[in-house]
Amino acid sequence: MHEELYKQMAQSIIDGEKETAIELAQKSIELGIPPLDAITNGFVVGVNYIGDLFGKGEAFLPELVMAGEAMKAAVAVLEPELLKLGEAREMMGRVVLATVEGDIHEIGKTLVGTMLSAAGFEVTDLGVDQPAEKIIGKALEINAQIIGLSALLTTTMVRQREVIEELDKEGLRPRIKVMVGGAPITREWAEKIKADGTSEDAVGAVQLAKKLVGKE
Amino acid sequence: MKFLKFLSAEEIQAMHEATLRVLHEVGVIWTHQTTLDILTDAGCTLKGNRVCFPPDLVMDCIARANKRPVIRGRNGQVNELGGGNLYFHNLGGARDVFEAQSGTRRIATQQDVVDAARLLDALPHCHTVTPFFTPRDVPGELMSLFMYRHTLPHTTKPVQGPGIQFAEEVQYAVEMAAVVGTPPHELTLSLSPVSPLTVHDHAAAAILAMARAGVICSNLPAPTGGATSPMTITGSLVQQSAETLSLLVLAQIVNPGCGVVYCGRLGMLEPRTGLIWGGVELGLASAATVQLGHFYGFSVNVYGFSTNAHTLDAQNAFERGLNAAIPALAGADELSGIGEMEAGVMGSYAQMTLDNELAGSILRLRRGLSADAEHLAVEVIQNVMDGTRNFLGQKHTMKHLRAGELALTKLAERNSWETWEGKLGRKQMADYAIAEAERILREHVVPPLEPQQEAELDRIMAAAERELVE
Numbered sequence: 001m002h003e004e005l006y007k008q009m010a011q012s013i014i015d016g017e018k019e020t021a022i023e024l025a026q027k028s029i030e031l032g033i034p035p036l037d038a039i040t041n042g043f044v045v046g047v048n049y050i051g052d053l054f055g056k057g058e059a060f061l062p063e064l065v066m067a068g069e070a071m072k073a074a075v076a077v078l079e080p081e082l083l084k085l086g087e088a089r090e091m092m093g094r095v096v097l098a099t100v101e102g103d104i105h106e107i108g109k110t111l112v113g114t115m116l117s118a119a120g121f122e123v124t125d126l127g128v129d130q131p132a133e134k135i136i137g138k139a140l141e142i143n144a145q146i147i148g149l150s151a152l153l154t155t156t157m158v159r160q161r162e163v164i165e166e167l168d169k170e171g172l173r174p175r176i177k178v179m180v181g182g183a184p185i186t187r188e189w190a191e192k193i194k195a196d197g198t199s200e201d202a203v204g205a206v207q208l209a210k211k212l213v214g215k216e
Numbered sequence: 001m002k003f004l005k006f007l008s009a010e011e012i013q014a015m016h017e018a019t020l021r022v023l024h025e026v027g028v029i030w031t032h033q034t035t036l037d038i039l040t041d042a043g044c045t046l047k048g049n050r051v052c053f054p055p056d057l058v059m060d061c062i063a064r065a066n067k068r069p070v071i072r073g074r075n076g077q078v079n080e081l082g083g084g085n086l087y088f089h090n091l092g093g094a095r096d097v098f099e100a101q102s103g104t105r106r107i108a109t110q111q112d113v114v115d116a117a118r119l120l121d122a123l124p125h126c127h128t129v130t131p132f133f134t135p136r137d138v139p140g141e142l143m144s145l146f147m148y149r150h151t152l153p154h155t156t157k158p159v160q161g162p163g164i165q166f167a168e169e170v171q172y173a174v175e176m177a178a179v180v181g182t183p184p185h186e187l188t189l190s191l192s193p194v195s196p197l198t199v200h201d202h203a204a205a206a207i208l209a210m211a212r213a214g215v216i217c218s219n220l221p222a223p224t225g226g227a228t229s230p231m232t233i234t235g236s237l238v239q240q241s242a243e244t245l246s247l248l249v250l251a252q253i254v255n256p257g258c259g260v261v262y263c264g265r266l267g268m269l270e271p272r273t274g275l276i277w278g279g280v281e282l283g284l285a286s287a288a289t290v291q292l293g294h295f296y297g298f299s300v301n302v303y304g305f306s307t308n309a310h311t312l313d314a315q316n317a318f319e320r321g322l323n324a325a326i327p328a329l330a331g332a333d334e335l336s337g338i339g340e341m342e343a344g345v346m347g348s349y350a351q352m353t354l355d356n357e358l359a360g361s362i363l364r365l366r367r368g369l370s371a372d373a374e375h376l377a378v379e380v381i382q383n384v385m386d387g388t389r390n391f392l393g394q395k396h397t398m399k400h401l402r403a404g405e406l407a408l409t410k411l412a413e414r415n416s417w418e419t420w421e422g423k424l425g426r427k428q429m430a431d432y433a434i435a436e437a438e439r440i441l442r443e444h445v446v447p448p449l450e451p452q453q454e455a456e457l458d459r460i461m462a463a464a465e466r467e468l469v470e
């Protein structure tokens, strides 16, 4: 059933063709295909494929971004249908992302957000220059399982530790897990500040997030 | 010598016009009210959260700027930027230290900032010292200021200020510069706007403070081609130029005639890892930045030594050699990167001594060739043919050896196999570089500051700590 359409859906993601992905999502609604099937059997296959290639160094970062954007667009078309049916895509978890206070860089964080959304996480991106209390407040408000902290500068990466210390002080861990990332971030740093993990790239960040919510 | 040009006059003109269009039609995200008022009073217009710069204003500000600033060391050394010389300085702001002997890395501390300054002070082809490492044993808020504080006493060469982010840092850096005798207008400070085309409030306030203090703005736009600027190198250079000129306009309105160095730090995206590309396109981009900056009459500072390599290996040598030589031949006024590794994340003492030697070779390339009668040497050939039939005993030979026809190297291995394998124990250039770095750090003494100068620097840092650390 609909194998050809599913293949086209996956391919539209692999090619990063957002418009095609939207059209195929609409077509699947017209054909009465359950939206969850379209996501799982079609679009997700494409995202996983390009993610694997990237992991092997065989795909380019811009391809990954375009695939993530196409995935988000297709899911946006299908989501209202899911709601009508009273269904939901299996939600992997809720994540709050932010660049720490004093830092105003965000391209890496935005990319992680895109890939997490494509993988089925509900992502709230607070943007740049965010103080600890605001990040933690938002995480509590939406009942997030994960906080993702970004920093580009050596001078601001220390702020990641502040957020973690604040969470500890409030007794919010291990309920809320913390992922850290950014150009100066190493595994040693993540361990030192007692973060729950780090990744060098967005694909690894998705794997880490899945692990942290126990859905590997 | 004639400089290497990758772009024709028409192509440079097209890049100039494209830059003015980006500044005028696209604009720069800018929300800091005080500086926005200054810009709009001067004729800039607002388009949502972006400020658009009229071409005439941009050109007026470029005309006003001091494009040939001077920086001075406490040893009296004067670097006249834009005067035709090529000056080398080191990488600024590396996170890690590569220990070449063991092949390991470690996090940099304040001691590394001190040691790097002292080592660079001893290297003849390092003309300006920039605070090298980001020490992690000080609070983040004070990191840039500590970098400057620990560099000043440990070199007598001209010191370039650290990269800064906040207006408050400007004030303390200027105070510290005054302690060692460098007037504020000989202090350079660098700020990186966020690409693409974004000047955050902190950055705008810092530029305002720099301009008011008369500091030389050597701002460092650092777009990444393919991620935060176009994948095409010339497109990225247009955006980079718009970013740096937008800051220049503010500085020149506030303080007409203050000094500026036109800097480019365009990197390209490593598309498979998301990191910065260390390949030869970096040299190409730097060379084109030089050409575009010279079109406006600026002195130009670009990336020189640069590589993705993690050790002192073949990739390291070929990438940094090309990436430094190409912009040097294009006429760069300043090249950065002495000691750099891993695309600027890491630095090493052995790398600094290697780069000193590479810089010497590049300076030799820049000197080029002479074809006057003395160098064409017809009379010398005549003498030799009439006499001994070799040139070894000619005064002309020794004269030009001493005059630097060959830039003699110290670390490169140039012996026979027998000598190399026997007497020299198969040592390679990197082994000599490691030993040379160790020797300098053991032996080199930098004339200290006066005790009252040290006390004054401490006082300034204490004041900074009270204000900046929560």
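First to last, the sequence lines map onto chains A and B.
Every letter in the first sequence is one number past the one before it in this note's numbering, and letter 122, counting from 1, is 122.
Every letter in the second sequence is one number past the one before it in this note's numbering, and letter 163, counting from 1, is 163.
Ideal Cβ placement from N, Cα and C applies to all residues, glycine included.
Model, not experiment: these values are computed from the prediction.
Neighbour list for residue i in chain B, Cβ cutoff strictly below 7 angstroms
| i | result |
| --- | --- |
| residue 62 of chain A | 226 and 271 |
| residue 107 of chain A | 227 and 228 |
Per-residue DSSP class, three states only, for residue i
| i | result |
| --- | --- |
| residue 372 of chain B | coil |
| residue 56 of chain A | coil |
| residue 296 of chain B | coil |
| residue 28 of chain B | strand |
| residue 401 of chain B | helix |
| residue 217 of chain B | strand |
| residue 44 of chain B | coil |
| residue 68 of chain A | helix |
| residue 164 of chain B | coil |
| residue 89 of chain B | strand |
| residue 301 of chain B | strand |
| residue 194 of chain A | coil |
| residue 104 of chain A | coil |
Own chain, CB closer than 7 angstroms to residue i, minus 5 neighbours either side, in chain order
| i | result |
| --- | --- |
| residue 293 of chain B | 262 and 300 |
| residue 138 of chain B | 110 and 146 |
| residue 131 of chain B | 92, 113, 147, 148, 151 and 162 |
| residue 87 of chain A | 36 |
| residue 255 of chain B | 211, 212 and 214 |
| residue 123 of chain A | 95, 97, 113, 116 and 117 |
| residue 156 of chain A | 100, 102 and 103 |
| residue 181 of chain B | 74 |
Bridge partner(s) assigned by DSSP for residue i
| i | result |
| --- | --- |
| residue 106 of chain B | B:97 |
| residue 160 of chain A | In the DSSP output, where bridge partners are listed per residue, residue 160 of chain A has none listed. |
| residue 77 of chain B | DSSP, once it has assigned bridges, lists no residue as partnering residue 77 of chain B. |
| residue 361 of chain B | DSSP, once it has assigned bridges, lists no residue as partnering residue 361 of chain B. |
| residue 49 of chain A | Partner(s): none; residue 49 of chain A has no beta bridge. |
| residue 121 of chain A | A:93 |
| residue 346 of chain B | B:96 and B:341 |
| residue 207 of chain A | Bridge partners of residue 207 of chain A: none, in fact. |
| residue 178 of chain A | A:147 |
| residue 98 of chain A | A:149 |
Cross-chain neighbours of residue i in chain A, by beta carbon under 7 angstroms
| i | result |
| --- | --- |
| residue 95 of chain B | 154 and 184 |
| residue 144 of chain B | 155 |
| residue 274 of chain B | 61 and 201 |
Residues near residue i by beta carbon distance below 6 angstroms, same chain, minus five either side
| i | result |
| --- | --- |
| residue 244 of chain B | 219 and 221 |
| residue 298 of chain B | 67 and 262 |
| residue 296 of chain B | 62 |
| residue 354 of chain B | 433 |
Anticipated Cβ contact below 8 angstroms, residue i with residue j, distance rounded
| i | j | result |
| --- | --- | --- |
| residue 159 of chain B | residue 129 of chain B | 5 angstroms |
| residue 93 of chain A | residue 121 of chain A | 5 angstroms |
| residue 29 of chain A | residue 21 of chain A | Actually they are not in contact, since the Cβ atoms of residue 29 of chain A and residue 21 of chain A sit about 13 angstroms apart, beyond 8 angstroms. |
| residue 207 of chain B | residue 187 of chain B | Residue 207 of chain B to residue 187 of chain B, Cβ: 15 angstroms. No contact. |
| residue 206 of chain A | residue 119 of chain A | 5 angstroms |
| residue 237 of chain B | residue 314 of chain B | With 8 angstroms as the limit, residue 237 of chain B and residue 314 of chain B do not qualify as a contact, their Cβ atoms being about 29 angstroms apart. |
| residue 155 of chain B | residue 117 of chain B | 5 angstroms |
| residue 57 of chain B | residue 48 of chain B | Between residue 48 of chain B and residue 57 of chain B the Cβ distance is about 20 angstroms, and since that is not below 8 angstroms, they are no contact. |
| residue 191 of chain B | residue 165 of chain B | 7 angstroms |
Cutoff 8 angstroms; reference residue i; Cβ partners in own chain excluding five residues on either side
| i | result |
| --- | --- |
| residue 163 of chain A | 100, 132, 135, 136, 147, 149 and 178 |
| residue 64 of chain B | 252, 256 and 257 |
Neighbouring residues, chain A, relative to residue i (Cβ below 9 angstroms)
| i | result |
| --- | --- |
| residue 134 of chain B | 153, 154, 155 and 184 |
| residue 200 of chain B | 104, 128 and 129 |
Near the ligand ATP: residue i beta-carbon under 7 angstroms from a heavy atom
| i | result |
| --- | --- |
| residue 313 of chain B | With respect to small molecules bound, the structure shown includes none, and the ligand ATP cannot be examined in it. |
Contact list for residue i against chain A, beta-carbon separation under 8 angstroms
| i | result |
| --- | --- |
| residue 194 of chain B | 104 and 105 |
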